[in-house]
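Structure record follows, encoded as structure tokens.
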Amino acid sequence: MERKGNMEKIIIAGGEGFIGKKLQESLETRYEIINFDKKNGQDINNLKNLEKLSVDYVIHLAALIRSKNPEKMLYVNVNGTKNILEFCKEKKAKLIFASSSAVYGDSKSPIKEEFVKNPLSFYGLTKLMGEKLCEFYNKKFNLQSVILRFFNVYGPGQKKGFLIPDIISQLGKEKIILRDSFSKRDYLYIDDLVEAIERSLDLNSFQILNIAYGKSYSVKEVAKKIVKGKEIEFLDNSKNKDCIYADINKAKKLIGWHPKTSLEVGLKKTITR
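Sequential numbering of the sequence shown, starting at 3, is according to the working numbering.
Spelled out as structure tokens, the structure:
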């Protein structure tokens with residue numbers, strides 16, 4: 003397949019997901035985008051139909067976040083990442099790998115990139131394994147890659163199963179029911195995340211960056227910003243006071259990025275769209 007003029011070509015693995023769709027909208031006027039997603043019958047463990055393509059970048063967003071089958075999660079998240087890396091090595095393409103704050107586990111905040119990684123979930127473990135593969139391919143084959151550790155991303159179009167869309171989905175009910183009210187997390191609006199991914203395309207060295215807002219909010223604080231004039235019931239009153247937020251100074255320094263959307267503004271945009 004030939005290039006469209008002088009446009010560089012980007013494969014977005016997981017292009018039909020919440021982040022992938024927004025990323026495509028932002029990049030498609032400046033890059034030739036190839037949307038690669040299981041919803042289109044495509045599989046990161048089978049890249050044969052991409053063999054004839056010339057590619058400049060691969061943005062790897064494809065992953066299983068939840069699964070009752072650990073072997074399936076390993077196959078998709080780890081073996082799939084290995085296949086993507088092999089493809090990038092062959093095409094001499096740069097990789098942007100979407101990792102997660104889940105690699106840190108129960109870490110003291112503000113969390114810096116060099117902190118000890120101690121994932122508490124199988125998903126976090128597979129993401130850490132994916133990071134190690136990226137590091138190995140960089141050292142062994144000089145494959146250029148950037149690892150972005152996403153914290154709690156939210157915005158319009160996000161499906162239920164995450165805090166903010168779960169709250170919004172209950173706004174038509176008389177009472178909002180949530181679990182733990184005390185856990186504090188670092189919430190980042192989707193547009194800011196997309197900008198960070200775009201800026202990381204220009205990095206010319208192997209790097210690992212936290213991508214977050216840099217401030218934490220409790221479940222109760224988030225809920226009260228969304229819910230007005232209704233009762234909120236919390237099922238878990240264990241007073242779990244864990245607090246997770248990121249140090250984002252490295253991203254500010256290396257890619258000149260900082261989040262622009264406050265939680266208040268981001269929630270308003272999420273609810274009204």
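C-beta: ideal position from N, C-alpha, C; glycine also.
- Distances from the alpha-carbon of residue 100 to those of 54, 15, 47 and 40 put 15 closest.
- Residue 176 has its alpha-carbon roughly 52 angstroms from the corresponding atom of residue 9.
- The beta-carbon separation of residue 103 and residue 151, rounded to 6 angstroms, stays under the 8 angstroms limit for a contact.
- Note on the stretch 127-181: whole beta strand (DSSP E) runs with a minimum of 3 residues are 147-152 and 154-156, in chain order.
- For residue 153, same chain residues with a beta-carbon under 6 angstroms away, outside a window of 5 residues either side, are 103, 188, 190, 214 and 248 in chain order.
- Taking a 10 Å sphere around the C-beta of residue 78, we find 16 or more other C-beta atoms and assign the residue as buried.
- Collapsing the DSSP output to three states places residue 11 in a strand.
- Cβ atoms of residue 220 and residue 252 stay farther apart than 8 angstroms, at about 26 angstroms.
- Taking every protein chain shown into account, the CB of residue 274 has fewer than 16 other CB atoms within 10 angstroms, so this residue is exposed.
- Taking residue 168 as the centre and dropping the five residues before and after it, the same chain places the C-beta of 162 closer than 6 angstroms to its C-beta, in chain order.
- Checking the DSSP bridge columns, you'll see residue 234 partnered with 178.
- Fewer than three Cβ pairs drawn from the stretch 107-117 and the stretch 86-97 lie within less than 8 angstroms of each other, which leaves the two stretches out of contact.
- The beta carbon of residue 128 is closer than 7 angstroms to those of 75, 76, 79 and 80 in its chain, skipping five residues each way along the sequence.
- In this structure, the beta-carbon distance from residue 266 to residue 208 does not fall below 9 angstroms.
- Apart from the 5 residues on each side of it in sequence, residue 21 sits with its Cβ closer than 6 angstroms to the Cβ of 63 in its chain, given in chain order.
- The shortest CA-to-CA distance from residue 258 to any of 246, 229, 199 and 45 is the one to 199.
- The secondary-structure analysis by DSSP pairs residue 186 across a beta bridge with 220 and 245.
- The beta carbon of residue 82 lies closer than 7 angstroms to those of 46, 47 and 64 in the same chain, with the five residues before and after it left out.
- With respect to the C-alpha of residue 93, the residue from 141, 56 and 28 having the closest C-alpha is 56.
- Using a Cβ distance threshold of 9 angstroms, residue 87 and residue 130 do not count as a contacting pair.
- In this structure, the alpha-carbon of residue 171 lies about 11 angstroms from that of residue 160.
- In the three-state DSSP reduction, residue 99 falls in the strand class (E or B).
- By the neighbour-count criterion, in which 16 or more other beta carbons inside 10 Å mark a residue as buried, residue 133 falls on the buried side.
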